[in-house]
């Protein structure tokens, strides 16, 4: 019998009590990883807490013959993120995979958004990704210096950050920041044999249904929005099968896999010396040749065929 692809590996998965994180934790455990299942158990807007979601996933992994332990800490605080990594090290002596998923929503138009709504969403998503990644990468660096290079960081971004979506300035800014953070961590950690990639998922979760409304199956046998569809990409990126792939952002919805190319210079107009405002105005037709001068987001059609 072939050895499971993650045999001997240890993973921490944040936001793993429900939705995509739950499916990823289950699949990683099924592939042989020992998994620390993190979830604060709060509501979609970040309020409250409940140990039951993480505990239920751990019980499910145990029931399938896998190894897992729960972690109920708040990974948007240093103590929570550090204790998550420490729990993996104390329990199993190593850490190989850090999978960041935890997130909340507090959607508002920019003129209606409170400072609390802005700060909390940025804190849970962007700061949470940073704190867990920092703790994991500190361990990966120490291990590499001892002659055992390697490690995987897998982040979760969103089309709302990569393409834009009205009413999600806080969430979109956090998710765009996560995509940039992914590239920078890849550059910094490559020397230690660590890869860092991000997934931009299209799936039915508590958060997407708060944004897009109830998302339904289209009657086909294959449910393109099942969150379980995202987990195989996380497994691939967590495994040695993805060796050499780093700093990339993958989009996945159902059976459609995409590679996001990010910000790249487009059309160029050159000028000798400093521009004047009039000269800049005259250059705009060439700079925008064949393109709209107003940003046209593509997210509006992302779930168009699955809305009720």
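Residue numbers (our numbering): 837 to 1144.
The beta carbon of each residue, even a glycine, is placed where N, CA and C say it ideally should be.
Nearest candidate by alpha-carbon position, reference residue i, set the options
i            : options                : result
residue 945  : 1100, 913, 1079, 1001  : 1001
residue 1057 : 1108, 931, 1090        : 1090
residue 1007 : 894, 1129, 959, 968    : 959
residue 1059 : 1082, 1039, 950, 1069  : 1039
residue 1012 : 871, 1031, 981, 1099   : 1099
residue 996  : 1096, 839, 1116, 877   : 1096
residue 858  : 891, 844, 843          : 891
residue 1133 : 895, 853, 998, 864     : 998
residue 1094 : 943, 974, 854, 994     : 994
residue 948  : 1126, 1075, 1004, 1084 : 1004
residue 922  : 969, 952, 1118, 951    : 969
residue 865  : 1111, 1075, 1088       : 1075
residue 883  : 1025, 1086, 1030, 952  : 952
residue 935  : 863, 914, 950          : 863
Cβ-Cβ distance between residue i and residue j below 8 Å
i            : j            : result
residue 875  : residue 851  : yes
residue 873  : residue 907  : yes
residue 1153 : residue 956  : Since the displayed the chain opens at 837 and closes at 1144, residue 1153 lies outside it and no answer follows.
residue 909  : residue 916  : yes
residue 972  : residue 1023 : no
residue 979  : residue 933  : no
residue 846  : residue 924  : yes
residue 1020 : residue 991  : no
residue 1028 : residue 966  : no
residue 954  : residue 870  : no
residue 861  : residue 893  : yes
residue 961  : residue 1010 : yes
residue 912  : residue 853  : no
residue 841  : residue 1073 : no
residue 1083 : residue 1018 : yes
residue 855  : residue 1129 : no
residue 1069 : residue 1086 : yes
residue 986  : residue 1030 : yes
Identity of the residues DSSP links to residue i by a beta bridge
i            : result
residue 1105 : None; residue 1105 has no bridge partner.
residue 1016 : Looking at the DSSP assignment, residue 1016 forms no beta bridge with any residue, so it has no partner.
residue 1036 : 1087
residue 1124 : None; residue 1124 has no bridge partner.
residue 905  : 872
residue 847  : 871, 933
residue 989  : 934, 1032
residue 1096 : 1085
Check: residue i C-beta below 7 Å from any heavy atom of the ligand SAM
i            : result
residue 1084 : This structure lacks the ligand SAM; in fact it carries no ligand of any kind.
For this session: Counting only runs of 3+ residues fully inside the stretch 920-968, write out the beta strand (DSSP E) ranges in chain order.
Result: 933-935
For this session: Could I get the ranges of all uninterrupted alpha helix (DSSP H) runs contained in the stretch 1053-1082, with 4 residues as the minimum, in chain order?
Result: 1067-1074
Exercise. Is there contact here, the stretch 935-951 with the stretch 886-898, by at least three beta-carbon pairs under 8 Å?
Worked result: No, the stretch 935-951 does not touch the stretch 886-898.
Problem set entry | Contact the stretch 1034-1043 vs the stretch 1104-1119: 3+ CB pairs below 8 Å | no
For this session: Report yes or no: do the stretch 1064-1075 and the stretch 1117-1124 share at least 3 C-beta pairs separated by less than 8 Å?
Result: no
Problem set entry | Start-end ranges of the alpha helix (DSSP H) lying completely within the stretch 861-893, minimum 4 residues | You should have found no qualifying run.
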